[in-house]
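2 protein chains.
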Amino acid sequence: MSFTAKELLTKRGVKLTSQRLVITEYLMQTYEHPTADEILAAVAEKLPMALSRATVYNTLKTLVDAGVIREVLTEPGRTRYDANTSEHHHFVDVKSGRIVDIPQEMLPDIQKVLGDKYNVKSYTVTFYGDLNEDSK
Amino acid sequence: MSFTAKELLTKRGVKLTSQRLVITEYLMQTYEHPTADEILAAVAEKLPMALSRATVYNTLKTLVDAGVIREVLTEPGRTRYDANTSEHHHFVDVKSGRIVDIPQEMLPDIQKVLGDKYNVKSYTVTFYGDLNEDSK
DNA sequence: ACCCAATTTAGATTTAGTCTAAATACAGAC
DNA sequence: GTCTGTATTTAGACTAAATCTAAATTGGGT
């Protein structure tokens, strides 16, 4: 049901390296939708081995291409990453910047409403607003 | 019904300058969702006066803050701009990169479905897929 | 015409991301 | 286990997008 990072990479045909494993593991256990630099900082500090900026970017590209993670675009100029690859969307709390996952099932299916003219392969919905804290 | 750039800026409390006018006019007559650099290139070439990069960025920020234009985030690392401020969404043709406006009315209203926990102020839907060319 | 605040400007700076070429790691053949 | 070739990682140079700075310009109000 729920895969380890190692199983997931293998399943998706990504060769195992310690850098790829540790980046994937980090993304799987955070809900923070971190940027590449945040990933570098977080992973580098808990690692004995070195980890270069280029490797973080290379690895993120590899993982996105393999479908292991997704890019999240919610603000200008920064790309964030999300290990949740189930179909889902995002809610941005505009005060804190916190990004919360919104499962596909919470929304009506709008994939089909566009009709023949548009062959929709995927879509993302990004909500902006205030997250009601007491119902966290 | 349909405003001139000058009327729109005045209505929104943005002081008139020739740079602001010409950038707003350019955005109002294109459907290309251009980046800041594309705006600079397009506007600079048809202008007698100079126009600096900083002014383009300053002006775009001013116009976004005043609600005259919107930012469009469809791809990593590049911010695009759209003078269509009616509630609408975007379809990205993944082959050509062309971005097409999708009016709010084409979609079910998903503003309300999230319930009390989320106070949605705005949302954007971005579709990715193939645009069927013969029905253009 | 003068003044003051807002705007524009060139260019330096910052930040996100890419590229390059050398070093390292790893899987398969033996 | 060692060899060998390809893939991966690396440091650091580089590029591109956006911001900052401080000086020059503009333009409305008197």
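Those protein sequence lines, which keep their order, are chains A and B. Quick note, the first sequence lines up with residues 1 to 136 if you use the working numbering. Quick note, the second sequence lines up with residues 1 to 136 if you use the working numbering. All C-beta atoms in this analysis are idealised placements derived from N, C-alpha and C, irrespective of residue type, glycine included.
In the three-state scheme derived from DSSP, where H, G and I count as helix and E and B as strand, A:Ser-122 is classed as strand. A:Asp-101 has a beta carbon lying at 8 angstroms or more from every beta carbon in chain B. In this structure, B:Tyr-81 lies near B:Glu-71, with their beta-carbon atoms less than 8 angstroms apart. Leaving aside the five residues that flank A:Thr-59 on each side, the residues in its chain whose CB is nearer than 7 angstroms to its CB run, in chain order, Gln-19, Arg-20 and Ile-23.
For A:Ser-122, the nearest CB of chain B lies under 8 angstroms from its own CB, placing it at the interface with that chain. Look at the region 37 to 60 of chain A: it has no residue with a C-beta under 9 angstroms from a C-beta of chain B.
When Cβ-Cβ separations below 8 angstroms define contact, A:Thr-126 makes contact with chain B.
DSSP places B:Val-68 outside both helix and strand once states are collapsed to three, so it counts as coil. The way I'd put it, the region 125 to 134 of chain A does touch the region 115 to 124 of chain B; three or more beta-carbon pairs between them come closer than 8 angstroms.
For B:Leu-131, the three-state secondary structure derived from DSSP is strand. If you draw a straight line from the Cα of A:Lys-6 to the Cα of A:Leu-16, it is about 7 angstroms long. Only exposed fits A:Leu-47, as fewer than 16 other CB atoms lie within 10 angstroms of its CB.
The region 90 to 101 of chain B and the region 86 to 95 of chain A do not touch, with fewer than three beta-carbon pairs separated by less than 8 angstroms. Between B:Pro-76 and chain A, the shortest Cβ-Cβ separation is below 8 angstroms. Using a Cβ-Cβ cut-off of 8 angstroms, B:Thr-79 counts as an interface residue toward chain A, since at least one Cβ of chain A sits closer than that to its own. Contiguous alpha helix (DSSP H) elements confined to the region 46 to 95 of chain B occur at 53 to 65, taking only those with 4 or more residues. A distance of 8 angstroms or more separates the beta carbons of A:Asn-119 and B:Lys-117. Annotated three-state conformation of A:Val-100 is strand, per DSSP. Secondary structure of A:Thr-17 (DSSP, three-state): coil. DSSP places A:Thr-4 in the coil class of the three-state scheme, outside both helix and strand. Taking CB atoms only, B:Glu-87 has no neighbour in chain A less than 8 angstroms away.
When only Cα atoms are considered, B:Val-100 and A:Thr-30 end up about 34 angstroms apart.
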